[in-house]
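Undergrad: Using the UniProt record's numbering, read the sequence shown as starting at 1 and increasing by one per residue. Right, I'll just put the structure down here and ask away after.
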Amino acid sequence: MEDLRGHPRKRERAALKSIEKAKQMRRRPDSARWFYSFIPFKVSTGGAAPLIPLLTMALGGGPSDVGIVNAIGSTASMLGGLFWGKLSDKLNRRKVFLIAGFLGTAISTLLFPLARSVYQVMAINAVYTFFIAATIPLPILIITKAFRLEDWDWAIGRFNEISGWAWVGGMVTGLLLGQFLSLRGIFVFLGVIGLLSVPYGLHTIREVPLHLSREKLGVYTGYVVEKFRYIPNMITHLPRFSTGGFGALYLSSLLFWVGAMLYFTQFPVLLKARGFTTSGIYLMSIGNSAVSAFMYTRVGKKLRNGSGYGVLIRGLLLRALAFALVPLAIHLDSMFGVLTFLSYLLAGYTWAFIGISTTSIISREAKPKERGALIGTYNMVSSVGAILGNFASGFVTQSLGFSAEFSLASLLIVLSIVPLLCEKVKSQGE
């Protein structure tokens, strides 16, 4: 009799769960409405990204100045990520800091046209990236509160998809504006577009006080693409400087980010030195960003059935090849445009393999209690590598030339594979 009585109760509980799940699925569109408030912001920042080194050079800056501008911006964004994250945790508020990020970034964009020296560009870029940092980790924290655990990956993926294509749209906008506006005029137009995120964000973003340990967040591949855009400010977890068995991965990441920044910081400088127009540089950037966004979800699916280390090593090998194409292009003058475009396209293509596989390795192999600290350490190591690469890039270029700069970048990517191979051999031996 007890069994007979129990079955209806079980069926009732199952029915209630199904109803609740259906309600949750129906709420998805409403819960995700605020994602679209990021579109003007991403269009603005995507369009402005290629302009900052161009403005630096227009004001008389050389390769070292471009490197320093990027390094200062990277440092400011890293510190900003820690500042906004800790402040939002302390006050238990998210929306106000996102709006502050939208507003501060848009105003900073409008300040760039007023710069009359490289030093002023450095100062404005520091403020600009500091406010951008407020908009990076906070959306992920809101998603983890607004959506059920099983919907996190869907929500983060959807948010990232919208943001990624808005970024590409910003570059297309910059390309079109460049046909009839000056460099400073494009900044003004993009700054005004960025301001549109403020009223839309006020209307759609709902405050969701968070009572969730960051250590429980794990590594969600939906946000690693941001690291490529605003290096290095994705410090969602505070580091505790513990290798936790990931020493080889950390060393590899340090070498990778130094090499990556040697390449990306000086790439627009090289193009400008070879006579490329603003439109030409935008076209290169559009190709890089579009192929990266296109490959992102596809690589995530591949990783479900493959080895994280295997995918990472293949991605690094292909990126080393991509970087090596630039010195070749410099010596084969007639093929310069084709080879540099292919190089930049491959650089975007490989990012998905490298970024997603790295975070996947930590997510799968780290102990749950240590995961947050290990993520923090990984992000800090990556940030230090990126800052070092930015600073070094200009001095290497001015001292040794572009060919040596990009050859060194490729060599460092190759060297970043060595610790991973040693780790793979070690694990197979055990």
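Glycine included, every Cβ here is placed at the ideal spot set by N, Cα and C. All values reported here derive from a predicted model rather than from experimental measurement.
#1: For a minimum of 4 consecutive residues, which ranges assigned as the alpha helix (DSSP H) are wholly contained in the segment 130-189?
#2: When you compare the CB positions of residue 402 and residue 270, do they come within less than 9 Å of one another, or not?
#3: What would DSSP say about residue 92, mapped onto helix, strand or coil?
#4: Which residue from 110, 137, 198 and 383 puts its Cα closest to that of residue 88?
#5: Could you spell out where the alpha helix (DSSP H) holding residue 319 opens and where it closes?
#6: Between which two residues does the alpha helix (DSSP H) containing residue 257 stretch?
#7: If the criterion is Cβ atoms closer than 9 Å, does the pair residue 326 and residue 406 meet it?
#8: Between which residues of its own chain and residue 410 is the CB-CB distance below 6 Å, once the five residues before and five after are set aside?
#9: Tell me which same chain residues have a C-beta within less than 6 Å of the C-beta of residue 256, skipping the five on either side of it?
#10: What residue does the alpha helix (DSSP H) around residue 448 start on, and which one ends it?
#11: Assign residue 112 to one of three DSSP states: helix, strand, or coil.
#12: When DSSP labels each residue in this structure, what does residue 32 get in the three-state scheme?
#13: Is the segment 339-359 close to the segment 270-285, with three or more CB pairs under 8 Å?
#14: Straight-line CA distance for residue 108 to residue 128?
#15: Using the C-alpha atoms, what's the distance from residue 69 back to residue 54?
#16: In whole angstroms, what is the alpha-carbon distance linking residue 116 and residue 203?
#17: Measure from the alpha carbon of residue 431 to the alpha carbon of each residue in 64, 132, 315 and 397, then state which is nearest.
#18: How is residue 205 classed by DSSP in three states: helix, strand or coil?
#19: Below 7 Å CB to CB, which residues in the same chain sit around residue 422 once its five sequence neighbours on both sides are set aside?
#20: Whose C-beta lies closer than 8 Å to the C-beta of residue 187 among residues of the same chain, with five residues either side of it excluded?
#21: Exposed or buried, which one is residue 266 when buried takes at least 16 other CB atoms within 10 Å?
#22: Can you confirm whether the segment 71-81 touches the segment 383-403 when touching is taken to mean that 3 or more C-beta pairs between the two stretches lie within less than 8 Å?
#23: Is residue 100 near the ligand ADP, in the sense that its beta carbon is under 8 Å from a heavy atom of that ligand?
#24: Pull up the distance between the alpha-carbon of residue 220 and that of residue 156, whole angstroms please.
#25: Quick one: using the 10 Å Cβ neighbour count with 16 as the cut-off for buried, is residue 86 buried or exposed?
#26: Span of the alpha helix (DSSP H) holding residue 59?
#27: Here's the rule I'm using: 16 or more other beta-carbon atoms within 10 Å means buried, otherwise exposed. How should residue 263 be labelled?
#28: Where residue 80 and residue 38 are concerned, what is the direct C-alpha to C-alpha distance, given to the nearest angstrom?
#29: Ignore the nearest five residues each way along the sequence and tell me which others in residue 168's own chain have a CB closer than 8 Å to its CB.
#30: So is residue 420 buried or exposed if we call it buried at 16+ other beta carbons inside 10 Å?
#31: Give the straight-line distance between the Cα atoms of residue 314 and residue 91, rounded to the nearest whole angstrom.
#32: Candidates 355, 36 and 134: which alpha carbon is nearest residue 201's?
#33: Determine whether the beta carbon atoms of residue 102 and residue 135 lie at a separation below 9 Å.
#34: Return the first residue and the last residue of the alpha helix (DSSP H) that residue 44 is part of.
#35: Exposed or buried, which one is residue 333 when buried takes at least 16 other CB atoms within 10 Å?
TA: According to the structure data:
#1: If we require 4 residues or more, the alpha helix (DSSP H) runs fully inside the segment 130-189 come out as 137-146 and 152-177.
#2: Yes, the Cβ-Cβ distance between residue 402 and residue 270 is below 9 Å.
#3: Looking at residue 92 - three-state DSSP - the assignment turns out to be coil, as it is neither helix nor strand.
#4: The shortest C-alpha separation from residue 88 is found at 137.
#5: Its alpha helix (DSSP H) spans residues 308-331.
#6: Residue 257 -> alpha helix (DSSP H) spans 247-273.
#7: In this structure, residue 326 places its C-beta atom within 9 Å of the C-beta atom of residue 406.
#8: Taken in chain order, the residues that qualify are 320, 323 and 324.
#9: Contacts found: 416.
#10: Outside the shown range of the chain, which is 1 to 430, sits residue 448, and nothing can be said about it.
#11: Residue state for residue 112 is assigned as helix, using DSSP reduced to three classes.
#12: Annotated three-state conformation of residue 32 is coil, per DSSP.
#13: Segments in contact, yes.
#14: If you draw a straight line from the Cα of residue 108 to the Cα of residue 128, it comes to about 5 Å.
#15: When rounded, the distance between both Cα atoms is 11 Å.
#16: When rounded, the distance between both Cα atoms is 37 Å.
#17: The shown model of the chain, from 1 to 430, leaves out residue 431, and the question about it has no answer.
#18: DSSP places residue 205 in the coil class of the three-state scheme, outside both helix and strand.
#19: Closer than 7 Å at the Cβ level, and outside the excluded window around residue 422, lie 248.
#20: Excluding the 5 residues flanking it on each side, residue 187 has same chain C-beta neighbours closer than 8 Å at 48, 51, 55, 109, 110, 112 and 113, in chain order.
#21: Per the 10 Å Cβ criterion, buried.
#22: When C-beta atoms of the segment 383-403 are compared with those of the segment 71-81, three or more pairs fall below 8 Å, so the two segments count as touching.
#23: The ligand ADP is not among the ligands present in this structure, which contains no ligands whatsoever.
#24: With a pLDDT of only 45 at residue 220, under the threshold of 50, the placement of this residue in the model should not be trusted; the figure read from the coordinates follows. Going by the C-alpha atoms only, they are around 8 Å apart.
#25: Per the 10 Å Cβ criterion, exposed.
#26: Counted as a single uninterrupted DSSP element, the stretch harbouring residue 59 is not any alpha helix (DSSP H), since DSSP gives it neither H nor E.
#27: Residue 263 sits buried, since 16 or more C-beta atoms from the chains shown fall within 10 Å of its C-beta.
#28: When rounded, the distance between both Cα atoms is 19 Å.
#29: Taken in chain order, the residues that qualify are 46, 286, 289, 290 and 293.
#30: By the neighbour-count criterion, in which 16 or more other beta carbons inside 10 Å mark a residue as buried, residue 420 falls on the buried side.
#31: Between residue 314 and residue 91, the C-alpha separation is close to 44 Å.
#32: Cα-wise, what sits closest to residue 201 is 36.
#33: Result yes, Cβ atoms of residue 102 and residue 135 sit closer than 9 Å.
#34: 38-48 is the extent of the alpha helix (DSSP H) around residue 44.
#35: Burial call: exposed.
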